[in-house]
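Undergrad: Converting from the sequence shown to the working numbering requires adding 88 to each position, the first position being numbered 1.
Glycine included, each C-beta is placed from N, C-alpha and C at the ideal position.
Got a structure here, written out as structure tokens. Questions coming.
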Amino acid sequence: MNKLPLLNTQADFRGRITQANHEVKYPVDFAAKGQFRFRAQPVFPADVKAGEYNGALTFVVTYQ
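Below, the structure written as structure tokens:
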């Protein structure tokens, strides 16, 4: 079995996904294969206090 890289080097953006930076574009030939690799890590605010937190993380992929 071939080892794939942890992240896609074909992506045009490799920084943090934020409201301002929310698109990552790939070449059509690469995207057609459907083998995307992502690494996700939550970023917590500095002023978090002990307690219970609820929420959801949604990841939506849109093909054009």
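Where do the N-terminal and C-terminal ends of the alpha helix (DSSP H) with ALA119 fall, by residue?
TA: As a working mapping, residue 119 is identified with position 31 in the sequence shown. Segment 116-119, the alpha helix (DSSP H) holding ALA119.
Undergrad: Do PHE126 and PHE147 count as a contact pair if the criterion is CB distance below 9 Å?
TA: As a working note, residue 147 is residue 59 in the sequence shown. As a working note, residue 126 is residue 38 in the sequence shown. Result yes, Cβ atoms of PHE147 and PHE126 sit closer than 9 Å.
Undergrad: Indicate whether GLY103 and ASN109 have their beta-carbon atoms separated by less than 9 Å.
TA: Residue 103 sits at position 15 when you count from the first residue of the sequence shown. Residue 109 sits at position 21 when you count from the first residue of the sequence shown. Yes, the Cβ-Cβ distance between GLY103 and ASN109 is below 9 Å.
Undergrad: Ordered along the chain, which non-local residues of its own chain (more than five positions away) have a Cβ less than 8 Å from that of TYR114?
TA: Start at 1 with the first residue of the sequence shown, and residue 114 comes out as number 26. Once the five neighbours on either side are set aside, the close Cβ partners of TYR114 are ASN96, GLN98, ALA99, ASP100 and PHE124.
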